[in-house]
Amino acid sequence: MKDGVTRLFHGRAVAVVGASTSPGKLGHEILANIINGGFEGAVYPVNPKASEVLGLPAYPSVSACPSKLDLAVVVIPAPFVPSVLREAAAKGAGAAIIISGGFREAGREDLEEEILAITAETGLRLIGPNCQGINYTPNKLCASWPLVTATGSMAVVSQSGTVAATLAGWAVDEGLGISATVSLGNQVDVCETDLIEYFAADQETHVMALYLEGAKDGRRFLEAASRAIPHTPIVVLKSGRTRAGQRAAASHTSQLAGRDEVFDAACRQHGIVRVADIESLYDSAKALESLELDGGDRVMVITSSGGCGILATDEAESCKLQIPPLPPEAVNDLEEAGLLPTAILSNPLDLTVAPAEHFEAAVMVAERHELADSYLLIFGDPIPGATEVLKTLKARMGGRFAVAYLGGGDVEKQERLRMHAAGIPVFPTPQRAIRAIRDAAWAARFRART
């Protein structure tokens with residue numbers, strides 16, 4: 204059965220059942236994304252009414268495909284899906300992705316029961332139905348939409364295709380990329396826990412970001428997360444915090460999905476970072492992907508903007524992080540470090556319009572006096588050489604730096620890309636940076652205890 208999950212991501216022969224000649228239809232877009240994403244295996248469009256789709260020979264049925272299959276991507280009306288799954292299994296496929304809707308969510312529980320019985324008979328592993336597919340960038344396999352090709356080390360597993368696509372889009376825009384996105388759909392077979400187990404063993408994945416409406420099997424979910432977290436951190440955004448949210452989600456999961464306080468406590472006990480919104484899901488996963496913290500709660504804030512330094516301080520107190528005051532000896536060393544006369548020598552340390560080298564000098568003073576476990580550097584305007592200074596500091600001190608880089612101009616965007624390429628996590632506001640530091644420090648403390 205694990206082989207089937209592997210073939211979801213590492214298949215070399217893929218059939219797209221319902222491949223369409225009409226742009227705009229899902230069967231056309233998914234086939235186009237597999238082709239344009241650079242997939243290097245065999246691709247077989249299945250369409251009984253076409254001889255060719257997007258330049259590839261089309262086949263009238265799955266059985267007519269010229270070789271054994273690893274994966275079938277199914278984009279046809281729900282009543283025809285069971286027979287196609289049987290054909291795919293007979294053709295050697297280990298896995299299938301059912302994009303099509305019209306199953307339990309449309310009152311057709313009988314169809315879901317039928318395809319579940321097929322998995323039991325054949326060993327076929329299924330994603331979906333009613334899902335947005337998968338994208339696994341190391342295999343250049345984008346059986347989903349939109350097309351994302353940028354490789355990274357974050358795997359996104361989501362019960363909402365839109366949430367998965369949103370996180371992937373942010374990661375691409377920031378030059379980080381993804382290792383995978385998986386839209387779970389109705390989870391008739393493969394569930395979030397199967398994917399935690401898979402990505403925990405995946406060499407290309409270093410952090411998992413999950414959007415869930417509930418866990419299909421609460422105990423198994425927590426056990427799998429506990430095994431994964433020592434080497435692959437997990438961040439979870441779970442909806443249904445309120446009764447109204449639970450009704451809206453119409454959760455089809457186990458008891459763990461019902462009482463939010465139970466889920467919250469279980470996350471804390473097992474080392475899962477739980478967040479409250481989509482931005483924090485992305486931010487905390489990004490921080491866990493790159494920060495190397497020991498769990499300490501002391502943060503040194505060094506800023507070119509006094510106001511942003513105050514905002515960071517407020518957020519740190521809300522997050523139960525410490526912004527320790529500078530001892531007189533550290534202030535003396537900063538006075539001798541050649542900083543501008545306008546610098547405000549405290550924590551936060553306001554350097555105003557200082558060059559990048561002054562940020563480096565300030566960090567080295569803080570290190571000499573062992574003042575901080577992590578650092579937040581805030582740039583209100585472009586500072587020439589900032590990325591090079593951060594690269595030098597990271598090489599010297601490890602990944603203990605986060606950056607809040609404000610401003611939306613082209614120069615700022617390019618500088619953020621350079622920082623991310625250097626492994627420095629960058630956030631658009633001081634508050635988001637502080638919350639991400641809090642979550643990374645908490646996760647580090649949990650790992651140190653276990």
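Numbering (this note's numbering), first residue to last: 204 to 653.
Note that beta-carbon positions come from the ideal geometry of N, C-alpha and C, so glycine has one too.
Model, not experiment: these values are computed from the prediction.
- [ ] Would you give the residue range spanned by the alpha helix (DSSP H) that V391 belongs to?
- [x] Working through the sequence shown from its first residue, we reach residue 391 at position 188. First-last for V391: undefined, no H or E at that position.
Open item on the list: Can you tell me whether T384 is buried or exposed? The criterion is at least 16 other CB atoms within 10 Å of its CB, across all chains shown.
Closed with: Counting from 1 along the sequence shown, the entry for residue 384 is found at position 181. T384 comes out buried.
- [ ] Would you please state the rounded distance, in angstroms, between the beta carbons of E518 and Q617? I believe it to be under 8 Å.
- [x] Position 315 of the sequence shown, counted from the start, is the residue given in the question as residue 518. Position 414 of the sequence shown, counted from the start, is the residue given in the question as residue 617. Between Q617 and E518 the Cβ distance is about 27 Å, and since that is not below 8 Å, they are no contact.
Open item on the list: Give me the residue from G295, R289, G364 with the minimum Cα distance to A320.
Closed with: For the purposes of this step, residue 320 is taken as the residue at position 117 of the sequence shown. Checked all of G295, R289, G364; the closest Cα to A320 is R289.
Task: Spatial neighbours of I238 in its chain, beta-carbon cut-off 7 Å, leaving aside the 5 residues before and after - done: For the purposes of this step, residue 238 is identified with residue 35 of the sequence shown, where counting begins at 1. Once the five neighbours on either side are set aside, the close Cβ partners of I238 are V246, L257.
TODO: Apply the 10 Å Cβ neighbour rule to A323 and answer buried if 16 or more other Cβ atoms are within range, or exposed otherwise.
DONE: Working through the sequence shown from its first residue, we reach residue 323 at position 120. Looking at its Cβ environment, which holds fewer than 16 other Cβ atoms inside 10 Å, A323 is exposed.
Open item on the list: Need the endpoints of the alpha helix (DSSP H) that A643 sits in, please.
Closed with: Against the sequence shown, residue 643 aligns to sequence position 440. Run containing A643: 633-652, per the alpha helix (DSSP H) assignment.
Open item on the list: Pairs of beta-carbons, one from the stretch 476-493 and one from the stretch 550-568, closer than 8 Å: are there three or more?
Closed with: no
TODO: With DSSP as the reference, label P558 as helix, strand or coil.
DONE: Start at 1 with the first residue of the sequence shown, and residue 558 comes out as number 355. P558: coil per DSSP, three-state reduction.
Open item on the list: Taking 7 Å as the limit between beta carbons, can you name the residues of its chain near L658, skipping five residues before and five after?
Closed with: A query on residue 658 cannot be resolved here, the shown segment of the chain reaching from 204 to 653 and no further.
TODO: Could you tell me the boundaries of the beta strand (DSSP E) in which I337 lies?
DONE: On the sequence shown, position 134 is the one that residue 337 refers to. Element bounds for I337: 336-339.
- [ ] Starting from F582, trace the beta strand (DSSP E) both ways and give me its first and last residue.
- [x] In the sequence shown, counting from the first residue as 1, residue 582 sits at position 379. Start and end: 577-582.
TODO: Please work out which residues of its chain come closer than 7 Å, Cβ to Cβ, to M204, disregarding the five sequence neighbours upstream and downstream, and give them in chain order.
DONE: Within the sequence shown, the letter at position 1 stands for residue 204. Low confidence applies to M204: its pLDDT is 41, below 50, so where it sits in the model is not reliable enough to give any reading.
Task: Classification of Q472 by the beta-carbon crowding that lies within 10 angstroms, buried from 16 upward - done: As a first step, residue 472 is located in the sequence shown; it is residue number 269 there, counting from the start. Flag for Q472 reads exposed.
Open item on the list: Within a Cβ cutoff of 7 Å, which residues of the same chain sit near S356, ignoring the five residues on either side of it in sequence?
Closed with: As a working mapping, residue 356 is identified with position 153 in the sequence shown. If we look at S356 and ignore the five residues flanking it on each side, its Cβ neighbours are S382, E407, T408, H409, V410, E492.
TODO: State the DSSP-derived secondary structure class of R311, mapped to helix, strand or coil.
DONE: Walking along the sequence shown from the start, residue 311 turns up at place 108. In the structure shown, R311 sits in coil (DSSP, three-state: anything other than H, G, I, E or B).
Task: Beta-carbon contacts of V217 that lie in its chain and below 8 Å, excluding the five residues immediately before and after - done: Mapped onto the sequence shown, residue 217 falls at position 14. I237, F242, G244, A245, V246, Y247, L272, D273, L274, A275, V276, L344, A346, listed in sequence order.
TODO: For the beta strand (DSSP E) containing P248, list its first residue and its last residue.
DONE: Mapped onto the sequence shown, residue 248 falls at position 45. Counting along the chain, the beta strand (DSSP E) containing P248 begins and ends at 245-249.
Open item on the list: Could you compute how far the alpha carbon of P582 sits from the alpha carbon of S507?
Closed with: Indexing the sequence shown from 1 puts residue 582 at position 379. Indexing the sequence shown from 1 puts residue 507 at position 304. The amino acid occupying residue 582 in the given sequence is Phe; Pro does not appear at that position. Taking the straight line joining both Cα atoms gives about 6 Å.
TODO: Counting only the same chain and skipping the five closest in sequence on each side, list residues whose C-beta sits under 7 Å from that of A235.
DONE: In the sequence shown, counting from the first residue as 1, residue 235 sits at position 32. Closer than 7 Å at Cβ, skipping near neighbours: L257.
Task: Bounding residues of the alpha helix (DSSP H) (the contiguous stretch that carries C511) - done: Position 308 of the sequence shown, counted from the first residue, corresponds to residue 511. Looking at the DSSP string, the run of the alpha helix (DSSP H) that includes C511 is 509-521.
- [ ] Go through its chain and collect everything with a Cβ distance to L459's Cβ below 6 Å, but skip five positions before and after it.
- [x] Stepping through the sequence shown from its first residue, residue 459 is reached at position 256. Caution is warranted here: a pLDDT of 48 is assigned to L459, below 50, making its placement in the model unreliable, and no coordinate value can be reported.
Open item on the list: Rounding to the nearest angstrom, what Cα-Cα distance links A267 and L398 in this structure?
Closed with: Locating residue 267 in the sequence shown gives position 64, counting from the first residue. Locating residue 398 in the sequence shown gives position 195, counting from the first residue. Their Cα atoms are separated by approximately 31 Å.
- [ ] Excluding the 5 residues preceding and the 5 following F604 in the sequence, name in chain order all residues of the same chain whose CB lies nearer than 7 Å to its CB.
- [x] The residue you call residue 604 lines up with position 401 of the sequence shown. So the list reads Y578, L580, L593, L596, K597, I627, once near-sequence residues are dropped.
Open item on the list: Here's the rule: buried if 16 or more other CB atoms are within 10 angstroms of the residue's CB, otherwise exposed. What is K523?
Closed with: To locate residue 523, count along the sequence shown from 1; it is residue 320. With fewer than 16 Cβ atoms within 10 Å of its Cβ, K523 is classed as exposed.
- [ ] Identify the continuous alpha helix (DSSP H) that holds T435 and give its terminal residues.
- [x] The residue you call residue 435 lines up with position 232 of the sequence shown. Neither: T435 is in no alpha helix (DSSP H) and is coded neither H nor E.
Open item on the list: Using only the alpha-carbon positions, how far apart do Y401 and L529 sit?
Closed with: Numbered from its first residue, the sequence shown carries residue 401 at position 198. Numbered from its first residue, the sequence shown carries residue 529 at position 326. In a straight line, the C-alpha of Y401 is about 46 Å away from that of L529.
Open item on the list: What does the alpha-carbon distance come out to for the pair P226 and T340?
Closed with: As a position in the sequence shown, residue 226 is number 23, starting the count at 1. As a position in the sequence shown, residue 340 is number 137, starting the count at 1. Going from the Cα of P226 to the Cα of T340 covers about 24 Å.
Open item on the list: By the DSSP assignment, the beta strand (DSSP E) with V504 in it spans what residues?
Closed with: Here residue 504 refers to the residue found at position 301 of the sequence shown. Note, V504: beta strand (DSSP E), 502-506.
Open item on the list: Quick check: what's the CA-CA separation for S223 versus F424?
Closed with: On the sequence shown, position 20 is the one that residue 223 refers to. On the sequence shown, position 221 is the one that residue 424 refers to. Using only the alpha carbons, I get a separation of about 38 Å.
Task: Contact set for C334: own chain, Cβ-Cβ below 8 Å, skip 5 residues either direction - done: The residue labelled residue 334 in the question sits at position 131 within the sequence shown. Cβ within range, chain order: I300, I301, I302, G364, S386, L387, G388, N389.
Open item on the list: Only counting the same chain, and skipping five residues up and downstream in sequence, which positions put a Cβ closer than 7 Å to that of V614?
Closed with: Working through the sequence shown from its first residue, we reach residue 614 at position 411. Hits under 7 Å: P585.
- [ ] Would you kindly work out how many angstroms separate the C-alpha atoms of C511 and G230, rounded to a whole number?
- [x] Start at 1 with the first residue of the sequence shown, and residue 511 comes out as number 308. Start at 1 with the first residue of the sequence shown, and residue 230 comes out as number 27. Their backbone Cα atoms lie some 48 Å apart in a straight line.
TODO: Taking only the alpha-carbon atoms, compute the straight-line gap between S270 and S264 and give it to the nearest angstrom.
DONE: Translated into the one-based positions of the sequence shown, residue 270 becomes position 67. Translated into the one-based positions of the sequence shown, residue 264 becomes position 61. So the alpha carbons of these two residues sit roughly 13 Å apart.
- [ ] Throw me the rounded Cβ distance for the A293 and L314 pair, which I believe falls under 8 Å.
- [x] The residue given as residue 293 occupies position 90 in the sequence shown. The residue given as residue 314 occupies position 111 in the sequence shown. In fact, because the Cβ distance is near 20 Å, the residues do not count as touching under 8 Å.
Open item on the list: Would I437 and A427 qualify as a contact pair, given that the criterion is a beta-carbon distance under 7 Å?
Closed with: As a first step, residue 437 is located in the sequence shown; it is residue number 234 there, counting from the start. As a first step, residue 427 is located in the sequence shown; it is residue number 224 there, counting from the start. Cβ atoms of I437 and A427: not closer than 7 Å.
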